[in-house]
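Contents: one structure, followed by commentary.
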Amino acid sequence: MEWTDILSLGSNPFQVFALILRNGGLIIFYPVLLWMCYRGWMTWIQNTYQAKIGWVLLAIDVPKLNEQSMAAIDRIMETLHGVQFGPNKKEKYWIGVVAEMHSLEIVSIDGYIQYFVRCTTYNVELIKGAFFAQYPDAEIVEVEDYVNNVPHEFPNEQGIDMWGTEFVLAKPDVYPIKTYEFFEHSLSGLFADPVAALLELLSRLKPGEQVWLQLIITPENHTWRERGLSEVANLIGKKIPSKSDITDRIMALTRGTLETVHDAIWTVESAGNNSNKDDNEDGKWMSMTTGEKIVVEEIQKKITRMGFKTKFRFVYVAPKEIMGTYRVVGSVLGALKQFGTLDLNALVPGRHLVTSKPTYGFVERRRNWRKRKLMLGYKYRSNNTGETGYTLSTTELATLYHFPTELVKAPLVATAVAKKGEPPPHLPVEQTPFEAMRAGHQRIIVPAEGTVTEVPEEVSPDDLSVSNEKISGATVPLPPPPLPPEDRRQAAPPPTMSAVPIPPAPVPLREAEPPLHSMPGLPPGINPIGKSTTPQPVPSKPSPPVQGQPSPGSGNVPPNLPV
442 MEWTDILSLG SNPFQVFALI LRNGGLIIFY PVLLWMCYRG WMTWIQNTYQ AKIGWVLLAI
502 DVPKLNEQSM AAIDRIMETL HGVQFGPNKK EKYWIGVVAE MHSLEIVSID GYIQYFVRCT
562 TYNVELIKGA FFAQYPDAEI VEVEDYVNNV PHEFPNEQGI DMWGTEFVLA KPDVYPIKTY
622 EFFEHSLSGL FADPVAALLE LLSRLKPGEQ VWLQLIITPE NHTWRERGLS EVANLIGKKI
682 PSKSDITDRI MALTRGTLET VHDAIWTVES AGNNSNKDDN EDGKWMSMTT GEKIVVEEIQ
742 KKITRMGFKT KFRFVYVAPK EIMGTYRVVG SVLGALKQFG TLDLNALVPG RHLVTSKPTY
802 GFVERRRNWR KRKLMLGYKY RSNNTGETGY TLSTTELATL YHFPTELVKA PLVATAVAKK
862 GEPPPHLPVE QTPFEAMRAG HQRIIVPAEG TVTEVPEEVS PDDLSVSNEK ISGATVPLPP
922 PPLPPEDRRQ AAPPPTMSAV PIPPAPVPLR EAEPPLHSMP GLPPGINPIG KSTTPQPVPS
982 KPSPPVQGQP SPGSGNVPPN LPV
């Protein structure tokens, strides 16, 4: 084909593409096409599978005087690791079954801080059991999802803007971040809670500002431990035995046979050679500095614990007119700096989804695209969108996500204000009717002059009928008090009837204005599921009973009255 013929095809791109494929281009595009088809198929079946699963958002409050240590959250993380399983090939590549994951979230709305856990409907009891085992006085309530109150399109008609990123690790994930063990003084035993600075900053948000922190955790098997062992061997200069195949095994067997024959003949020389055989078995451990040994020990300590594949997202949402990116974002990033060290690991913003970039070439459009992708990934709790996940141990997760101790003074953290318990198992159920108790409390007995009701002498005070009559609420007239002497009598005003004041009716909420708290402890705009906000009708005022007649509640208990 002449060059002129090739140039003539420039007006038809389809012919150019077909020409490239016919002349060997298929070798290049075929693997790419297969990979695209594979990723599209896996994404579709996984999204279809997850759409069939019900999800629940749980709000968790613990008592303010929380005496539990970080080890309690560590035990909770170990319990959540129990959902780890490996789907077979049919479940993974045909049905789209994915590993179970949980979302641990710390949210501040208008400065009100709330802890959340999002899980599947069939793992709700697992979550409750894990938290109640460590925090028996905790309150766990299913609530509406707060992310639905914020748009995911940018720009939008509401004038809402956002700044967000996904945190990644500065070094390979076998290097741990600072855990809660680093924040406890070795001599005094005082614990400086690392989350105190973060909660203090979150409690200072202005009305209209929101900060969301999300940890997507997926239980991981123990294969990641091999990476840690390999890194330790590289640090101390220890040789790692390579994995052998069938050929290596045959060669090792032949070599071992020859060495046995050689040692049997040359015993003395063989013994001399064996003395220097393992000189470098421990590598350079003895020549390492104290800091280098600490790094090796921390890596070994991390790989002994269970791990979770983790994605860490941070979103700051606010109206454009009050948005303070440098004030809020800088404070949160500064608070997270305390979890990192230069010799181990640290959390840094990822470069693929941080919304402060790019800085050139269609800047506004590309930033809005990143905002939309990050917001959708947060809303759907996606484990695939954005930066590549990394492995964190249960101790590292407990350091990042734990309830504040009693020393943390952040004022707007939702806490459980009272302990809730069940009634005693032998509590009597047949008691005085509520209406009779209320009527008896509100009536005033005015003794009439000269009327005395005498109890028959033959009736014993322990008689069952007299006891039942007293419990039923029947009115027993009392004898008048003895009159004072005539020289000390004074004119007294007639007795007046008084009644217990009825509390004022609750003021109904205005429809155009959401309540400050949907329930005690929840931030504004978050409602518990299954709870009604309709004000209850005020009970009518009971009329005083007529003298000598039984009170309205002295009969049997109404069938619709709880006992």
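As numbered in the working numbering, residues 442 to 1004 make up the sequence shown, in order. For each residue, glycine too, the CB sits at the ideal point set by N, CA and C.
- In its chain, beyond the 5 residues on either side, 490, 528, 532 have a beta carbon closer than 8 Å to the beta carbon of residue 538.
- Residue environment analysis places residue 663 among the exposed positions, since fewer than 16 neighbouring C-beta atoms fall within 10 angstroms of its C-beta.
- If you check the CB distance, residue 547 and residue 787 do not come in under 8 Å.
- If you draw a 10 Å sphere on the C-beta of residue 696, you find fewer than 16 other C-beta atoms in it, and that means exposed.
- Within the segment 481-519, the complete beta strand (DSSP E) segments at least 3 residues long are 496-504, listed from N- to C-terminus.
- In the structure shown, residue 700 adopts helical secondary structure according to DSSP, grouped into three states.
- Look at residue 790 here: in three-state DSSP terms it is strand.
- Relative to the Cα of residue 827, the nearest Cα in the group 844, 498, 793 belongs to 793.
- A straight line joining the alpha-carbon of residue 679 with that of residue 595 spans about 53 Å.
- Between residue 633 and residue 624, the beta carbon gap of about 5 Å places them in contact (Cβ cut-off 8 Å).
- Excluding five sequence positions before and after residue 767, none of the CB atoms of its chain fall closer than 6 Å to its own CB.
- Residue pairing from DSSP places residue 583 in a beta bridge opposite 499.
- Here residue 647 is near residue 763, since their CB atoms are less than 8 Å apart.
- Residue 654 is not a Cβ neighbour of residue 558, given a cutoff of 8 Å.
- Residue burial is scored here from C-beta neighbours: residue 600 has fewer than 16 other C-beta atoms within 10 angstroms and is therefore classed as exposed.
- For residue 454, the enclosing alpha helix (DSSP H) covers residues 454-461.
- Under DSSP, no beta-bridge partner is assigned to residue 927.
- When the five nearest sequence neighbours on each side are left out, the beta carbons in the same chain lying within less than 8 Å of the beta carbon of residue 824 are those of 539, 542, 657, 659, 750, 752, 830, in order along the chain.
- The alpha-carbon separation between residue 837 and residue 650 amounts to approximately 28 Å.
- Straight-line spacing of the CA atoms in residue 821 and residue 496 works out to 10 Å.
- Rounded to whole angstroms, the gap between the alpha carbons of residue 804 and residue 602 is 15 Å.
- DSSP places residue 563 in the helix class (H, G or I) of the three-state scheme.
- Under the DSSP assignment, residue 839 falls in the alpha helix (DSSP H) whose first and last residues are 835-841.
- Around the beta carbon of residue 607, 16 or more other beta carbons sit within 10 angstroms, so the residue counts as buried.
- Taking C-beta separations shorter than 6 Å and ignoring five residues to either side along the sequence, the partners of residue 808 in its chain run 796, following chain order.
- Taken atom to atom, the span from the alpha-carbon of residue 737 to that of residue 676 is near 7 Å.
- Residue 783 carries a coil assignment under DSSP once its states are collapsed to helix, strand and coil.
- In the DSSP assignment, residue 657 forms a beta bridge with 544, 752.
- In the three-state DSSP reduction, residue 610 falls in the strand class (E or B).
- Distance from the CA of residue 635 to the CA of residue 773, rounded to the nearest whole angstrom, comes to 12 Å.
- The bridge partners DSSP lists for residue 525 come to none.
- In this structure, residue 640 lies away from residue 965, with their beta-carbon atoms at least 8 Å apart.
- Per the coordinates, the alpha-carbon of residue 506 lies some 39 Å from the alpha-carbon of residue 669.
- Residue 604 is classed as buried because its beta carbon has at least 16 other beta carbons within 10 Å across all chains shown.
- Less than 8 Å divides the Cβ of residue 502 from the Cβ of residue 579.
- Judged by DSSP in its simplified three-state form, residue 649 adopts coil rather than helix or strand.
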